[in-house]
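All residue numbers for the sequence shown refer to numbering that gives the first Met the number 0, where the first residue is 0 and numbers rise by one.
Heads up, the thing below is written out as structure tokens.
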Amino acid sequence: MSSSDRGKWNRAAPRYESFAARAAEQRWARYKRKLFSGMQGKVLFLAAGTGLDFQFFPPGKTIVAIDVSEQMLRRAAPRARRYRGAIHLQQMNVGQLAFQDASFDQVYTSCTFCSVSEPLEGLRQIRRVLRPDGTLLMFEHTVSRWFPFNAMLHACTPLSRRFGPEMNRPTVRSVRQAGFEVRRVERHYLDVLKTIKARKPVPR
Ligand SMILES: C[S@@+](CC[C@H](N)C(=O)[O-])C[C@H]1O[C@@H](n2cnc3c(N)ncnc32)[C@H](O)[C@@H]1O
0 MSSSDRGKWN
10 RAAPRYESFA
20 ARAAEQRWAR
30 YKRKLFSGMQ
40 GKVLFLAAGT
50 GLDFQFFPPG
60 KTIVAIDVSE
70 QMLRRAAPRA
80 RRYRGAIHLQ
90 QMNVGQLAFQ
100 DASFDQVYTS
110 CTFCSVSEPL
120 EGLRQIRRVL
130 RPDGTLLMFE
140 HTVSRWFPFN
150 AMLHACTPLS
160 RRFGPEMNRP
170 TVRSVRQAGF
180 EVRRVERHYL
190 DVLKTIKARK
200 PVPR
């Protein structure tokens, strides 16, 4: 998984902010700010991209932020330095997280699982590194439940996946499949975007 994800997103990095990010960041700011407002404890954030999400993090936190692409991380570094807290950037593939089991209280994702080639593998890794009863909080592009938007998303994905994200991922289902308990799903923009809150169950 890593070499193809890494190559694709390294190629996307120089034009990422012009084709996708800035306008979207304005529209999605309130959802992202709300999502990140609950940050507490040991936090893992993925994927950092060029660091556009950092402006929505509450101040004073200590966060480990990973991304598979060194070209994305290079652009994220100045934003990480400007954050009023500590963001530790690391190049890492979500499918091969180099952290011990149960080492985080919370994991946050932002437009990540539309972009990872093997989402289930990544979600299982997140489950491994979260402590029991820890939370997974996500803001994600997904397939819509509504026709014709779902058909449009299926139609544009063969093209979009060549340069960037897949627009038709069944991410809520994948989160359940990876062994999480889905606690809440908030649907935005005709269900094309979702805020998802899930919990790692405590073993009996
Ligand atoms: C659509 S961008 C989102 C970036 C940022 N969260 C934002 O909203 O601006 C997707 C990011 O996922 C990263 N990515 C893709 N596959 C990955 C993987 N297997 N492991 C870690 N990061 C990955 C890409 O490098 C890219 O930075």
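Where a beta carbon is used, it is the ideal one built from N, C-alpha and C, also for glycine.
Legend entry - With 16 other Cβ atoms within 10 Å as the buried cut-off, status of C110: The residue you call residue 110 lines up with position 111 of the sequence shown. C110 comes out buried.
Legend entry - Residue of K193, C113, E120, F103 minimising C-alpha distance to D132: The count along the sequence shown starts at 1 and reaches residue 132 at position 133. Of the listed residues, the one whose Cα sits closest to D132 is F103.
Legend entry - Backbone secondary structure at R203 - three-state DSSP: Locating residue 203 in the sequence shown gives position 204, counting from the first residue. Coil at R203, not helix or strand.
Inset, instruction - Return helix, strand or coil for N90, following the three-state DSSP convention. - result: By one-based count along the sequence shown, residue 90 stands at place 91. Per the sequence shown, the amino acid found at residue 90 is Gln instead of Asn. Note: Q90 maps to strand in three-state DSSP.
Legend entry - Which of helix, strand or coil DSSP assigns to A150: By 1-based counting over the sequence shown, the position of residue 150 is 151. In the three-state DSSP reduction, A150 falls in the helix class (H, G or I).
Inset, instruction - Would you give the residue range spanned by the beta strand (DSSP E) that E204 belongs to? - result: What is shown of the chain runs 0 to 203, which leaves residue 204 out entirely.
Inset, instruction - Report the residue from Y82, A154, K33 whose alpha carbon sits nearest the alpha carbon of L51. - result: Here residue 51 corresponds to residue number 52 of the sequence shown, with the count starting at 1. Closest option to L51, Cα to Cα, is Y82.
Legend entry - Limits of the unbroken beta strand (DSSP E) element including M137: Counted from its first residue, the sequence shown places residue 137 at position 138. That run of the beta strand (DSSP E) goes 129-140.
Legend entry - Distance CB(A97)-CB(F55) smaller than 8 Å: Position 98 of the sequence shown holds residue 97. Position 56 of the sequence shown holds residue 55. Taking 8 Å as the Cβ cut-off, A97 and F55 do not qualify as a contacting pair.
Inset, instruction - Please list, in chain order, all residues of the same chain as E120 whose beta carbon is under 6 Å from its beta carbon, the five residues on each side excluded. - result: Start at 1 with the first residue of the sequence shown, and residue 120 comes out as number 121. Result list for E120: G94, in chain order.
Legend entry - Any non-hydrogen atom of ligand 1 within 7 Å of S173 CB: Position 174 of the sequence shown, counted from the first residue, corresponds to residue 173. No, ligand 1 has no heavy atom inside 7 Å of this Cβ.
Inset, instruction - Measure from the alpha carbon of T49 to the alpha carbon of each residue in S36, T61, M71, then state which is nearest. - result: If you number the sequence shown from 1, residue 49 lands on position 50. Of the candidates S36, T61, M71, the one whose C-alpha sits nearest the C-alpha of T49 is M71.
Legend entry - Nearest candidate by alpha-carbon position, reference T108, set F138, S173, R130: Taking the first residue of the sequence shown as 1, we reach residue 108 at position 109. For the residues F138, S173, R130, the minimum Cα distance to T108 belongs to F138.
Legend entry - Residue nearest to R126 in terms of C-alpha spacing, selected from A197, F35, R203: As a first step, residue 126 is located in the sequence shown; it is residue number 127 there, counting from the start. Of the candidates A197, F35, R203, the one whose C-alpha sits nearest the C-alpha of R126 is A197.
Inset, instruction - Please work out which residues of its chain come closer than 6 Å, Cβ to Cβ, to G59, disregarding the five sequence neighbours upstream and downstream, and give them in chain order. - result: The residue given as residue 59 occupies position 60 in the sequence shown. Taking C-beta separations shorter than 6 Å and ignoring five residues to either side along the sequence, the partners of G59 in its chain run G84, following chain order.
Inset, instruction - Return yes when at least one heavy atom of ligand 1 lies under 7 Å from the C-beta of C155, else no. - result: Working through the sequence shown from its first residue, we reach residue 155 at position 156. Outside the cutoff, so no.
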